[in-house]
Each structure stands twice: as structure tokens, then as C-alpha cells.
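Asker:
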Amino acid sequence: MAANTILKFDNVSKIFGKNKVVHNLSLEIKEGELVALLGPSGCGKTTSLRMIAGLERCDEGEIIYQGEVIDSAQKRIFVPPSKRGMGMVFQSYAIWPHMNVFENVAYPLQIRGVAKSKIKEEVKQILELVGLGEMAERKSTQLSGGQQQRVALARSLVFHPHILLLDEPFSNLDAKLREQMRIEVKQLQQRLGITIIFVTHDQVEALSLADRIIMLNKGSVEQIATPKNMYDEPTTPFVRDFLGKTMIFGGKIVSVTPGGEIEVMREGVNPIRLRTAKHYFHRPAVGEPCSITTRAEDITIEPVAVMRARGDEAGGVVFQGKIETLLFIGNQYESVVALNDGERIHLYLPKTFDWHQGQEVALRLDREVTVWPA
Ligand SMILES: Nc1ncnc2c1ncn2[C@@H]1O[C@H](COP(=O)(O)OP(=O)(O)O)[C@@H](O)[C@H]1O
Ligand SMILES: [Mg+2]
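If you count the sequence shown from 1, position 161 lands on 150 in the working numbering, and the numbers rise without skipping.
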């Protein structure tokens, strides 16, 4: 499926005073795609989205929408927000308290001069779509947070924009409602086939919703990839540590095979040697220090007593240690394990075993480790 590019950033930068908060951002968004702009607070997500909407002008580079330059300082081109026809929902979704649900949603059509009968029809349709079909006459002040957010969503969709910009739209909702809205946005996008750019600092929101994630850090792109790719194959330590939980152990390279694999070693009470093809060394050299990483869910942990009872002492155990802290969190346990070589790691434990503080545990690595320059 070779969808058309609907939006393109070509080396876009934004400067506030002396601060360059968006650095040479280049990206392309395809028609019908749901793209998440993900990153920690202050990394430039909102600023980037506001440039797309035309609420900020870029200082360098250009923004191209549907094949047309809509913002370029150099070419002195700037298409104002009202001419861009984009739908927008921001974190502080301002729905108008003096208007009822119908009036709020009808507003964008009224200012566009749409005929009354047409407005009625369109608003009815969009309210059905966001699950507010029965609420048209309800006063805005009598709505729950989730309902208000749906009104904001309906208002941004009612004029059939080609692109919908969402800036942390659910961050004011409680956890349960956020989950529900996540599913609704996904369904909405599938039904309407609309392009959505979704700003969030929440990794679960980005992973679950996006077709592709653009990960920003200090105003620059760290990685652009599908959620699965970004999670499984982060290309920078920043992305690796932002998404999911990673165990990181120090070590050094002890050999490099002609086939591109490296062997790494961790010295200590129980020295370990691991071989892997997954590494980020340009030219790995023997003796170089490294970080060895694996995802928390790729570690199997069991009580040493259970392992001994099975008579399976040697089978792939990489670390042994003791449970130092244990927290029951419902579906599993959370723990800090002090490894025999002194390092402490944070792990989740399944409910399959009876765990207790001070218990001796054995860890196995289920997947090939990844190795990074230290
Ligand atoms: N109008 C502004 N004037 C000056 N600095 C701003 C302005 N808007 C944002 N910034 C700064 O730009 C950086 C990026 O902000 P923002 O895009 O809001 O980040 P995010 O949405 O990722 O949290 C921050 O350091 C912020 O303080
Ligand atoms: Mg923001």
C-alpha cells in the first residue's frame, strides 16, 4: 500500500528567544496514518504540533501539506490556521460552557456558512459516531470529563478535516477512561480513515495507537519506527530506556567472530559469557567496555530451591541473587533482586511461585542480549 504523503517537515526548526526547541525536524506522514509524536515533557511535541496547525511559525525549513508549502520563513509563505482545515483537540479542550453539546459541535460548520439543515444532519452523525447521540441538548456544564472530551473530538471532526491533531487529549482523564478513549480513537480512525497525529508522553498510548511512532528527544528525532520495531529494536539508549523496562549489565567484549557476532563477558563471582549478533558497535574491538541489555520480560526467574529440586542447576542460569524487596501488585509481584555480584535489578515476578523476601533466585535470559557501547 503506497499511500500518499499528506504532511512533510523538511528540516524544520523552531527557536524561542535563544532556545532552539525543535532541531532540523524532517518527517513524512502518509494519508490515513496514525502517527504518535512521543517523548518526555519539554521535548518539543506541542511546538511541533502547533507548527502543523499554524499556531506557531517555523524559523527554518518548510512544512508541506497536501503537496503545498504552508510554512516557510525563507520563501515567506505562511498559510493561516483557518485556511489549513485541520481538526484539533488539545489537552485543555476548551468546549464552550454557555453552549449545549449541539451548539458546540455545530460551531465549526456555522463559521463556515453551512446551511442549517445540513448542520443538523452532520452534527447528528458525528455525535452518533462519538457515542453522544442522545446528548445533543445537554448543557456542556453537565458533562463528565470523558463526555466533554468526546464533544471536543466531535467538534474537531464535524467539518471532515483530512487531518486530526491531538495533543495529549486524554491526560486529564482517569486511567480507566483513558484506556477506553484509546480504543475509541483507534476505532474512529479505522472507520473514518482519517490521518491522525497524536502527541503523547505516554508510551502505552503511543505503542497501542500508532501505526508509526516518532520519538523526540530535546527537539530532535531519536527514532521513527512502527511500535513493534521501536520496542523490539530501539536504535538508541534513549529510546531503549524510554520504552519498556530494560535490564542493563556492564561487561566487555572478549571476542569478535568473522560472522559479525561478538562474545561479551561479565566478570565477578559468577562470570558469564554471552554471544550475540545484536550489537550497536560500529567496529567492535576486543577489550572494549559495553552495556549488555535485555528486556525485563525476557528474563525467567525462579526460586533456586525449585531449580535444585528439578536437578537443573546448569541449564542456562546467568545470574543468582536474593530478593531484597517484594511488592504484591495484583497480577504479579514487583521486586528488587540483589545479584550475587552486588548489582541490584528491578524485576517483575509471576504469581506461579510463592515469593518471599530473602529468597534465593536464579535468572535465565530467554532471548539474545543486545550489546551497546558503554
Ligand atoms: N511560547 C513559548 N515561548 C518560549 N518557550 C517556549 C514556548 N513554548 C514552548 N517553549 C519551550 O519549548 C520547549 C518545548 O516545549 P513543548 O513543545 O511544549 O514540549 P512538549 O509538548 O514536548 O512538552 C520547552 O522547553 C518549552 O519551555
Ligand atoms: Mg506538550
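Note that CB positions come from ideal geometry on N, CA and C, so glycine has one too.
Count Cβ pairs between the stretch 209 to 224 and the stretch 237 to 247 that sit closer than 8 Å; are there 3 or more?
Answerer: no
Asker: Which runs of the alpha helix (DSSP H), 4 residues or longer, sit entirely within the stretch 249 to 319?
Answerer: 293 to 298
Asker: Around ligand 1, what residues have a beta-carbon under 6 Å from a heavy atom of it, in chain order?
Answerer: The set of residues with CB atoms less than 6 Å from any heavy atom of ligand 1 reads, in chain order, Phe5, Val10, Gly28, Ser30, Gly31, Cys32, Gly33, Lys34, Thr35 and Thr36.
Asker: Where does Ser81 land, buried or exposed, given buried means 16+ other C-beta within 10 angstroms?
Answerer: One-based indexing of the sequence shown puts residue 81 at position 92. Ser81 comes out exposed.
Asker: So is the beta-carbon of Val78 under 7 Å away from any non-hydrogen atom of ligand 3?
Answerer: Because ligand 3 does not appear in the structure shown, any question about it cannot be addressed here, the ligands present being ligand 1 and ligand 2.
Asker: Do you know offhand how far Ala104's Cα is from Thr(-6)'s?
Answerer: By one-based count along the sequence shown, residue 104 stands at place 115. By one-based count along the sequence shown, residue -6 stands at place 5. Their backbone Cα atoms lie some 32 Å apart in a straight line.
Asker: By Cβ distance below 6 Å, which residues in the same chain neighbour Ile108 in space, the five residues on each side in sequence not counted?
Answerer: Locating residue 108 in the sequence shown gives position 119, where the first residue counts as 1. The residues are Ala95 and Leu98.
Asker: For Arg167, which residues from the same chain have a beta carbon less than 6 Å from its beta carbon, with the 5 sequence-adjacent residues on both sides left out?
Answerer: Translated into the one-based positions of the sequence shown, residue 167 becomes position 178. Contacts found: Phe159.
Asker: Do Met204 and Phe231 have their C-beta atoms closer together than 8 Å?
Answerer: To locate residue 204, count along the sequence shown from 1; it is residue 215. To locate residue 231, count along the sequence shown from 1; it is residue 242. It is a contact, given that the beta carbons lie within the stated cut-off.
Asker: Going by DSSP, what residue range makes up the beta strand (DSSP E) through Leu14?
Answerer: As a working mapping, residue 14 is identified with position 25 in the sequence shown. Element bounds for Leu14: Asn8 to Lys19.
Asker: Rounded C-beta distance between Ala199 and Ala25? I'm assuming under 8 Å.
Answerer: By one-based count along the sequence shown, residue 199 stands at place 210. By one-based count along the sequence shown, residue 25 stands at place 36. Going by Cβ atoms, the distance from Ala199 to Ala25 rounds to 4 Å, so yes, they are a contact pair.
Asker: DSSP on Gly120, reduced to helix/strand/coil?
Answerer: In the sequence shown, counting from the first residue as 1, residue 120 sits at position 131. Coil, per DSSP.
Asker: Is Glu45 near ligand 2, in the sense that its beta carbon is under 7 Å from a heavy atom of that ligand?
Answerer: For this step, residue 45 is matched to residue 56 along the sequence shown. Flag unset: Cβ of Glu45 not near ligand 2.
Asker: Measuring alpha carbon to alpha carbon, tell me which residue in Ser197, Ser280, Gly276 and Met254 is nearest Arg229.
Answerer: Residue numbering aside, residue 229 sits at position 240 when the sequence shown is read from its first letter. Minimum Cα distance to Arg229 is reached at Ser280.
Asker: Can you name the start and end residues of the beta strand (DSSP E) that Asp60 belongs to?
Answerer: Position 71 of the sequence shown holds residue 60. Asp60 -> beta strand (DSSP E) spans Glu57 to Ser61.
Asker: Between Lys241 and Thr359, is the Cβ-Cβ spacing less than 8 Å?
Answerer: Numbered from its first residue, the sequence shown carries residue 241 at position 252. Numbered from its first residue, the sequence shown carries residue 359 at position 370. Result no, Cβ atoms of Lys241 and Thr359 do not sit closer than 8 Å.
Asker: Spell out a yes or no on whether the stretch -5 to 7 and the stretch 45 to 54 are touching, meaning 3 or more CB-CB pairs, one atom from each, closer than 8 Å.
Answerer: yes
Asker: DSSP has Asp(-1) in a bridge; who is on the other side?
Answerer: The sequence position of residue -1 within the sequence shown is 10, counting from 1. Its beta-bridge partners are Glu51.
Asker: On the criterion of 16 or more Cβ atoms from any shown chain inside 10 Å, does Ile318 qualify as buried, or is it exposed?
Answerer: Along the sequence shown, read from residue 1 onward, the residue named residue 318 stands at position 329. Classification of Ile318: exposed, given that the 10 Å Cβ count is below 16.
Asker: Just curious, the alpha helix (DSSP H) that Lys221 is in, first and last residue?
Answerer: Residue mapping note: residue 221 aligns to position 232 of the sequence shown, counting from 1. Sequence check: residue 221 is Asp here, not Lys. Segment Pro216 to Asp221, the alpha helix (DSSP H) holding Asp221.
Asker: Whole angstroms are fine: how far does the CA of Thr215 sit from the CA of Lys72?
Answerer: Translated into the one-based positions of the sequence shown, residue 72 becomes position 83. Translated into the one-based positions of the sequence shown, residue 215 becomes position 226. Distance between the alpha carbons of Lys72 and Thr215 is about 31 Å.
Asker: One question on the structure: do Gly122 and Met170 come within less than 8 Å of each other, judged by their Cβ atoms?
Answerer: Within the sequence shown, the letter at position 133 stands for residue 122. Within the sequence shown, the letter at position 181 stands for residue 170. It is not a contact, given that the beta carbons lie outside the stated cut-off.
Asker: Give the straight-line distance between the Cα atoms of Ala298 and Pro278, rounded to the nearest whole angstrom.
Answerer: Looking up residue 298 in the sequence shown gives position 309. Looking up residue 278 in the sequence shown gives position 289. Cα to Cα, the separation comes out at about 37 Å.
Asker: Taking 7 Å as the line, does the beta carbon of Asp156 fall inside it for any heavy atom of ligand 2?
Answerer: As a working note, residue 156 is residue 167 in the sequence shown. Yes - ligand 2 has a heavy atom lying nearer than 7 Å to the Cβ of Asp156.
Asker: Is Pro260 buried or exposed, if buried means 16 or more other CB atoms sit within 10 Å of its CB?
Answerer: Residue mapping note: residue 260 aligns to position 271 of the sequence shown, counting from 1. Exposed, since its Cβ has fewer than 16 Cβ neighbours within 10 Å.
Asker: Rounded to whole angstroms, what is the Cα-Cα separation between Phe342 and Leu146?
Answerer: In the sequence shown, counting from the first residue as 1, residue 342 sits at position 353. In the sequence shown, counting from the first residue as 1, residue 146 sits at position 157. Approximately 50 Å, taken between the alpha carbons.
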